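Protein sequences, first through last, are from chains A and B.
Using the working numbering, the first residue of the first sequence is number 1, and each one after it goes up by one.
Using the working numbering, the first residue of the second sequence is number 324, and each one after it goes up by one.
Notes follow once the structure below has been shown.
Protein chains: 2
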Amino acid sequence: CFAPAQLHADMATLASWNDGPAKTAITEFVEKVTKEGGPDYVAPDERIAVFDNDGTLWAEQPMYVQLAFALDRVKALSNQHPEWKDKQPFKAVLENDIQALANSGEKGLMELLMATHAGMSTEDFEKIATDWIETARHPKTGKPYTEMVYQPMLELLTYLRDNGFKTFIVSGGGIEFMRPWTEGIYGIPPEQVVGSSIKTKYEVKDGKPTLMRLPEIDLVDDKAGKPVGINSHIGHRPIAAFGNSDGDFQMLEWTTTGNGARFGLLVHHDDAEREWAYDRKSHFGKLDKGLDEGPKRGWIINSMKSDWKCIFPYACEQAAADK
Amino acid sequence: CFAPAQLHADMATLASWNDGPAKTAITEFVEKVTKEGGPDYVAPDERIAVFDNDGTLWAEQPMYVQLAFALDRVKALSNQHPEWKDKQPFKAVLENDIQALANSGEKGLMELLMATHAGMSTEDFEKIATDWIETARHPKTGKPYTEMVYQPMLELLTYLRDNGFKTFIVSGGGIEFMRPWTEGIYGIPPEQVVGSSIKTKYEVKDGKPTLMRLPEIDLVDDKAGKPVGINSHIGHRPIAAFGNSDGDFQMLEWTTTGNGARFGLLVHHDDAEREWAYDRKSHFGKLDKGLDEGPKRGWIINSMKSDWKCIFPYACEQAAADK
Ligand SMILES: [Ca+2]
Ligand SMILES: [Ca+2]
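So, in structure tokens, the structure goes:
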């Protein structure tokens, strides 16, 4: 197993990346923008790198982790809501009826999200999300979701930070669902997490100042919403962007069309054996336009199968132990 | 005059603060939360300090700087808008008719803001704001506005950062009006600036990705909006908050009612000779409830007159040179 110092050294050197076009493109970009006096030099303040989360930093199959959370919350709250057993989309959740759930569409999904994510204080929600993430297990691997992260991407985050980059998450997922654990898992503190959000309202309830979560969308941080979220929260145009689906298209476009050296990469899920294989027709993490357009724009299509030696930290650790 | 190393040492030691209750309260708080193993220790990640801007970090008299910017912009744009010379509140601005401008109320102010702050790309607005802040001069002192900042507060920002704090601006002013210069003047990078904002829309115009500024309010980061902005952008509850008006009341309340050691301070403008004296009845930076309630809640009322040796950097420098 890894000793911490060795682990950090491996992280910083992209140890789980195979030598190949993706790794080469990354290291050449970083060397170029950090070379003082060079034509592509970028000052540390402007070394902003943005990362999508679902499917880019952690697994999103068989469903988004936050959706698994919402479904579990419906079940946990169902005894306070006897009406749910006759009312869609809640009935579908309680009966594990995936088809009926799918039929409820985006409107149904929004109802589930609001019923499980709004109506409590930010502090209460943080506790609910933290308790869940600590105890829930991935249906296929039985691992905590926070172990279903990609070791090569953890190394990339470390490598970029070691080279003076500031790393941000820019996810379609809920900002307050991610913040409780991103610092521990990714080394990304809450203020560097951008995500979809609902509105909150400050009020003093029974003498206690409280931020209440309202059932009202604030920002959908996906597609054309990602550059908006970046501008609102970060206030710089990034120089590097990492995603995995067409939901990241505008984020990569906004990033890579700025002046000077720029970098865009899409993680391609092409490894059915070690992870999942899906792209153009997937319900979660659909990657279609990006596969066609990305290469024309100089974006790297990163093959999980060929560019990564191992995927999940536990698998990488096992591989190291086996040597 | 100051040598840079000496300046930094002075900054870090609160050199422009008189010994007295405010300075003592600050240093005791910082020593307490940074003392490892002590009962009030706070880990660096949670050492979040938030600062109001207008009247807390820089002067807000005879009017908010951003209002001066908006008025100048109306004048600069007036030849593209011949209709403005007959239309309030623009007519009032063009004729320097302060009374008519005041009569136009909040609705008039909002019209001015939207006419001068929306309808261009974020990049164009950044250039407009930057050009203005570099050339505009304060009507009383003739100094650039960025020299009308408070030396003791610059020292406080440095002192807190030297003690592992992350410093954020949380201002009722426009987030994109501040971001171009806060890093150079306060050492606070764009991603640590929270402020009022309008909505933006991402679009590809003539092949060029652009964020357009829309004439629609996103967040009013004032009063009960400040805890909302803090939660959205920072994602932690701060442990120290610095303001100067009743617009900061909820920010100080939210900050100081959390668990553990907390700190709140209100800058009281009581120095008519070296700055301005105003509080309960001021149009800009009204401080009324905070003066009464603050002390009961343990907040420090910081007297500019007695707690600060000098106020503006040029005055502090002059005082040092005179010695
Ligand atoms: Ca994704
Ligand atoms: Ca103020």
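Every residue, glycine too, gets a C-beta built ideally from N, C-alpha and C.
Predicted model, so just to flag it, every value in this text is computed and none were measured.
Classification of residue i by the beta-carbon crowding that lies within 10 angstroms, buried from 16 upward
i	result
His-236 of chain A	buried
Ile-540 of chain B	exposed
Ala-326 of chain B	The predicted model places Ala-326 of chain B with a pLDDT of 46, which falls under 50 and marks its position as unreliable; any figure quoted below should be read in that light. The residue in question, Ala-326 of chain B, is exposed, as its Cβ has fewer than 16 Cβ neighbours within 10 Å.
Ser-197 of chain A	buried
Thr-379 of chain B	buried
His-556 of chain B	buried
Gly-617 of chain B	buried
Lys-226 of chain A	buried
Asp-330 of chain A	The question about residue 330 of chain A has no answer here: the residues shown for chain A are numbered 1 through 323.
Cys-324 of chain B	Residue confidence for Cys-324 of chain B is low, a pLDDT of 35 falling below 50, so the modelled location carries little weight and cannot support an answer.
Pro-462 of chain B	exposed
Pro-44 of chain A	exposed
Lys-612 of chain B	exposed
Val-204 of chain A	exposed
Ala-319 of chain A	exposed
Gly-426 of chain B	One detail in the question is off: residue 426 of chain B reads as Asn in this sequence, not Gly. Exposed is the call here.
Asn-302 of chain A	buried
Ile-300 of chain A	buried
Gly-264 of chain A	buried
Asp-307 of chain A	buried
Residue i beta carbon near ligand 2 (any heavy atom closer than 6 Å)
i	result
Ser-568 of chain B	yes
Gly-378 of chain B	yes
Local conformation of residue i per DSSP, three classes
i	result
Asn-625 of chain B	strand
Ser-121 of chain A	strand
Ala-3 of chain A	Here the model assigns Ala-3 of chain A a pLDDT of 46, short of 50, so the residue's position is not dependable and the matter cannot be decided.
Asp-544 of chain B	coil
Gly-243 of chain A	strand
Ala-70 of chain A	helix
Ala-382 of chain B	coil
Phe-249 of chain A	helix
Phe-90 of chain A	helix
Asp-377 of chain B	strand
Ala-338 of chain B	coil
Ala-366 of chain B	coil
Trp-407 of chain B	helix
Ala-584 of chain B	coil
Trp-132 of chain A	helix
Pro-313 of chain A	helix
Asn-96 of chain A	coil
Gly-105 of chain A	helix
Leu-287 of chain A	coil
Ser-282 of chain A	coil
Gly-229 of chain A	helix
Pro-238 of chain A	coil
Tyr-64 of chain A	coil
Lys-398 of chain B	helix
Ile-508 of chain B	helix
Contact test: residue i Cβ vs ligand 1 heavy atom, cutoff 6 Å
i	result
Gly-285 of chain A	yes
Asp-52 of chain A	yes
Residue i - partner residues in DSSP beta bridges
i	result
Lys-528 of chain B	B:Lys-531
Glu-523 of chain B	Looking at the sequence shown, residue 523 of chain B is not Glu but Thr. According to DSSP, Thr-523 of chain B bridges with B:Arg-536.
Pro-144 of chain A	A:Arg-137
Pro-166 of chain A	Per the sequence presented here, residue 166 of chain A reads as Lys, with Pro not at that position. Per DSSP, A:Ile-48.
His-268 of chain A	A:Ser-303
Val-193 of chain A	A:Ile-169
Tyr-497 of chain B	According to the sequence displayed, residue 497 of chain B carries Gly and not Tyr. The partner list for Gly-497 of chain B (beta bridge, DSSP) reads B:Ser-519.
Trp-631 of chain B	B:Trp-340
Val-149 of chain A	A:Trp-58
Ala-25 of chain A	For Ala-25 of chain A, which the question treats as bridged, DSSP gives no partner whatsoever.
Ala-600 of chain B	B:Asp-593
Interface partners of residue i on chain D, CB under 7 Å
i	result
Asn-554 of chain B	No chain D appears in the structure shown, which is made up of the protein chains A and B.
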